[in-house]
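Only one structure is covered here, and it is reproduced in the block below.
Protein chains in written order, with full-length UniProt numbering: chain A, 1 to 671; chain B, 1 to 671.
Take a look at the structure:
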């Protein structure tokens, strides 16, 4: 602990803005030059053009290695950076290879053929190639002609096919096409009735059918580009400036961020997207930084659509494991995605041929002046005196946006001076719609599995489940998971005029089975505590999970998509830390069969008391589309809070002073 | 509808900042001069000094009167303001009187003796008088002396006593006292073991016992005033300016606020606090304002503590009906409670003698630049083109803070350009604690009904339930309540490779019994719709309730406090509009017996389909205190959203332009 503290303090004092090369951290994602070196090393062994890089990421050092590195002096740390090793998952000769590359040794130090079910993440390149195939496919061109459309205005997109009990599961994608004439909103104009399957290893169409024709919904009313929309515009919103005479209040040093009482590392992975590591909070009373979160990221996103018909049943996406939540990052726009006081970070990933690709402005980091109240009290009970003490809240946000095809996910990690971490999710972007013959609900006599949004346009029902991996290390690695159940006590002995009250019955989970929680069944506070450390009054030091919605999957447990997404069956799971258990849906998710999920690992029912444990939390949304979601949807928000609970001896922001108002008296404004 | 639209448009065009007298509205709360006139009229009839004004508020005109007034021209409206009538609830000769005063007639037009159970709201004056009684009471002075304390540093406070099955329920309050030596945080230093009861009508102590002595917890560590705290301070937060070269983007005209696409009226009531009326949203496509909410306010707050012992069992407060959520308003502090760009409104209420009391800065109204994203999409599927369209969110907030003794409630009504209304609740302030002999949890062998927060200091478990009255009038008065249940369909006929999907089964509530909802049992979208109006595709026009927590009472249904708070037994109730059904806990709540609650009215099981209906929504918090909540608690937030759902034909913010960044190039800054 102490050495960890030392590390963070030194890191903070060690200022050097955004120059990761001068201040490397063992959890840093691969740099541009590292990607090149990995490419060179691997290409040397596999010169064939048919060899593709499906995933390249940090093979993160063991936790013990990281912790002992952190215990070194800064000088020693530079010299003793743990070996930079990377995991390359590749497709080669119809096999999935797991290759470990060591950069110091400049060589491959391990190669394994993946023998399990499922395939690695899809590359953007192969998806692009697959989506282009149809455009020069004779039967498709005929289908387009038959519909009276122009093939030059057709755009196709690729869709993972899932697994529905098939014995053989070739690596393939389905293709759906859209019409772009008159709009940039291609998702609004699907060519319904056509299905096509591409074999990815052979990169050719293996199945094509054109079963029926439905008119493509009209372009009118689908546009969302301001430059193409016609007046009237509105409602009018006016802007504010965000002047900070002293500049931003946070420091970004390589990938390490420090602000107010927080310090943490921001990583990036092509599959996970943002990874927050080593988050620790400064305790003013103890005068040291204290560990909270060793590593946290979104392990999987499961998005099942609810239309069981031919062209839709398979749409049960795993946005991380199949598409890469990091690979799908959108470059953030200054002043709209992020405020004027934001700082941006780029990210890199490897394309199919192994070359580094830069994502400009993949992250932004900013202080949020949300105009919330941190704490307050007005006291009028004391004679001749009115006391009013108010502290306004400021927080630090790390924002990332991933656009997986039609949907945009806004992911916020928000750090609060009170010690809370708020995890925010915003859903926006464009609905997947189905073309139909209907223009009015009056005409509908069957189940259309969605909402009629406009003429011939059905927004299909679906869910979003986000599963967070949260390796909380509360004041050290050995932690326990405690349910503090709130239970009604009925008074029977007439010792009080009350007939009832509620009591807190704490229960420490011994094994994984004790820690599977479905919200809404029983009121409980859920805590990760350090049973080896107590506060002065003797309370267990901990952090509490505060959900803000209760959503459970509605598919039956034995349905194929749900078997693959069994990790969503509970809102909360706790597992003992295991370096290999990172991906809730398993390592190879495309066409997976659900035999390598969190749901399966947890069946071992391992001991989790006073161990290094990982909390898995799933939040969800059932989405019944409404007309307001068309042609682009206003953000729907969700999230949860990790809140210190008897972690501090008392209110950690008691001695915060509200920021002074900033006045700009002599300004020539300009909007 | 059209006439309503006209009204709002005219109101907006009718600018006159904060001059309610020039632009009176029939829903305006009583003005200072109206209070004086009411006082004069009533005092003329009841000159006795023993006559007290317990409540004075607007006796709001009938809905039909309001709606027909709104249909007049502006000129005609000034001349035809409905009669200004007010309800005075008074105590006189040990009776509760309900007096209707008409200001035009300058007379009392109706008087009724309240014959039911319970008493009217407590006045601040009588609470103050009651709390002072003990300080000159011999036995109490002896009790203080016995504890080695100084009576000049004791402050007492009053607590409603509830009802626990007693046949006789005199109007009385319990008194608890605190020690202020060395701290302003009196709640942290209770004098445990002493109980006193004051008869309010006789204003004298009728019961006094000193049963045991527990040392008063120490003052150290309880202070929260910045001026009294010792360094180190921190963490340091830096401020921002909020320059708006064009000033705030909203207009306050009397009590009517207009901003972006919203217009509404902000009222105030000594019992309810803030009341939002006639909220309507401008539909860019239809080019008119459309009705959303006729009237919304917090009808009751129920705060039961969970310690059944002698001095605590009765602590089951009704913060509106007993204490007055409006009466408890705190004056808002510029720059901390509200941002630099806020506009403030004062409020008035009548004190016990009928004279107006001003609450300075009772409301603030401000544009919130929360740095959220209103909607966005990045499109990479179109060849040779990357589209990124992002709109940043801005909303308008009406904020009000009520400090009921120790607790501070931050109440936000937030209006979003997307048509959503977000209702926010922040809990902060000071915990009620009990003095105990313990300094460490190791010593505790019994149930202490709370958390040991510091030496001898127990934070007692409790709940907060807030019940909102929401008279939604979606595009007109006649509305229905629709549950769109999400139901799993198991596929049995092998028509699809899927084994299941979920379907939406809509159910329109016929009577009140159909509309009692306990969250967490069944997934459903809950809507208030206008069954008489449909969108172009034929969907019912509506607004959806999106909760963000699931909390239910844990007291047994037949426990006395829960009988009085039966309105919290469901998260949602729907009743037909009835002018007299405003207060979920009944009209006279102090010592009430639960025979006049929403729970009882709803037993009539009236028809609610295609009627003018009211939605009642209860959100709650179970509060297991933690050390972080001491000596003052960081805000714990909750809330819910009312979101348009097939109310608009499409995304109502599609044509919003993000505010332009405001630059301040030539500034001399000053912090």
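Just so you know, even glycine gets a beta-carbon here, dropped at the ideal spot from N, CA and C.
Cut-off 6 Å between Cβ atoms - residues of its own chain near residue i, not counting five sequence neighbours on either side
{"i": "residue 364/B", "result": "332, 338, 342, 344, 399"}
{"i": "residue 657/B", "result": "none"}
{"i": "residue 429/B", "result": "406, 407, 408"}
{"i": "residue 372/A", "result": "393"}
{"i": "residue 208/B", "result": "139, 196"}
{"i": "residue 457/B", "result": "217, 433"}
{"i": "residue 601/A", "result": "581"}
{"i": "residue 513/B", "result": "605"}
{"i": "residue 416/A", "result": "395"}
Inter-residue Cα distance where the pair is residue i and residue j
{"i": "residue 190/A", "j": "residue 176/A", "result": "8 Å"}
{"i": "residue 303/B", "j": "residue 625/B", "result": "14 Å"}
{"i": "residue 715/A", "j": "residue 61/A", "result": "Nothing about residue 715/A can be reported from this structure: the residues present for chain A run from 1 to 671 only."}
{"i": "residue 652/A", "j": "residue 186/A", "result": "50 Å"}
{"i": "residue 117/A", "j": "residue 591/A", "result": "7 Å"}
{"i": "residue 315/A", "j": "residue 497/A", "result": "58 Å"}
{"i": "residue 559/A", "j": "residue 584/A", "result": "18 Å"}
Residue interval of the alpha helix (DSSP H) (run including residue i)
{"i": "residue 373/B", "result": "Looking at the DSSP string, residue 373/B is not in any alpha helix (DSSP H); the run it does join, the beta strand (DSSP E), is 373 to 379."}
{"i": "residue 138/B", "result": "138 to 146"}
{"i": "residue 397/B", "result": "Looking at the DSSP string, residue 397/B is not in any alpha helix (DSSP H); the run it does join, the beta strand (DSSP E), is 395 to 404."}
{"i": "residue 76/A", "result": "74 to 79"}
{"i": "residue 34/A", "result": "32 to 45"}
Beta strand (DSSP E) segment containing residue i, residue limits
{"i": "residue 641/A", "result": "633 to 645"}
{"i": "residue 490/B", "result": "478 to 490"}
{"i": "residue 127/B", "result": "First-last for residue 127/B: 124 to 133, but that is the alpha helix (DSSP H), not the beta strand (DSSP E)."}
{"i": "residue 262/B", "result": "262 to 269"}
{"i": "residue 424/A", "result": "421 to 429"}
Of the residues the options, the one placed nearest residue i, counting alpha carbons only
{"i": "residue 313/B", "options": "555/B, 638/B, 76/B, 577/B", "result": "555/B"}
{"i": "residue 542/B", "options": "502/A, 570/A, 538/A, 627/A", "result": "627/A"}
{"i": "residue 130/A", "options": "159/A, 330/A, 150/A", "result": "159/A"}
{"i": "residue 594/A", "options": "163/A, 523/A, 87/A, 148/A", "result": "163/A"}
{"i": "residue 422/A", "options": "450/A, 442/A, 276/A", "result": "276/A"}
{"i": "residue 411/A", "options": "419/A, 621/A, 426/A, 283/A", "result": "426/A"}
{"i": "residue 598/A", "options": "564/A, 611/A, 610/A", "result": "564/A"}
{"i": "residue 481/B", "options": "464/B, 39/B, 506/B", "result": "506/B"}
{"i": "residue 226/B", "options": "643/A, 417/A, 390/A", "result": "390/A"}
{"i": "residue 294/A", "options": "640/A, 475/A, 596/A, 45/A", "result": "475/A"}
Same chain, Cβ closer than 8 Å to residue i, five either side skipped, listed in chain order
{"i": "residue 440/A", "result": "452"}
{"i": "residue 257/B", "result": "250, 251, 263, 264, 265, 266, 365, 396, 398"}
{"i": "residue 509/B", "result": "480, 481, 482, 483, 515, 574, 608, 609"}
Cβ shell of residue i (< 7 Å), same chain only, five flanking positions each side left out
{"i": "residue 242/B", "result": "339, 340, 341"}
{"i": "residue 403/A", "result": "328, 330, 429"}
{"i": "residue 8/A", "result": "A caution first: residue 8/A carries a pLDDT of 37, below 50, which makes its placement in the model too unreliable to give a value."}
TODO: Using a Cβ-Cβ cut-off of less than 8 Å, give me the residues of the stretch 347 to 378 of chain B that come near chain A, in sequence order.
DONE: 366, 367, 368, 369, 370, 371, 372, 373, 374, 375, 376, 377, 378
TODO: Select from the stretch 236 to 269 of chain B all residues with a C-beta closer than 9 Å to any C-beta belonging to chain A, and list them in chain order.
DONE: 236, 237, 238, 239, 240, 241, 242, 243, 244, 245, 246, 247, 248, 249, 259, 260, 261, 262
Task: Short-range partners of chain A found in the stretch 491 to 505 of chain B, where Cβ spacing is below 7 Å - done: 491, 496, 497, 498, 499, 500, 501, 502, 503, 504
Task: Contacting positions in the UniProt domain "Copper amine oxidase N2-terminal" (25 to 112) of chain A - beta carbon closer than 9 Å to chain B - done: none
TODO: Determine which residues of the stretch 288 to 309 of chain B have a Cβ less than 9 Å from any Cβ of chain A, and write them out in chain order.
DONE: 304, 305, 306, 307, 308, 309
TODO: Could you please tell me which residues of the stretch 624 to 635 of chain A, in chain order, have their CB closer than 8 Å to any CB of chain B?
DONE: 624, 626, 627, 628, 629, 630, 631, 632, 633, 634, 635
TODO: Anything in the stretch 507 to 539 of chain B with a Cβ closer than 9 Å to a Cβ of chain A? List those residues in chain order, please.
DONE: 519, 520, 521, 523, 525, 534, 535, 536, 537, 538, 539
TODO: Check each residue of the stretch 384 to 398 of chain B: if its Cβ is closer than 7 Å to any Cβ of chain A, include it; give the result in chain order.
DONE: 387, 388, 389, 390, 391, 392, 394
Open item on the list: What are the residues in the stretch 643 to 661 of chain A lying within 9 Å of chain B by C-beta distance?
Closed with: 643, 644, 645, 646, 647, 648, 649, 650, 651, 652, 653, 654, 655, 656, 657, 658, 659, 660, 661
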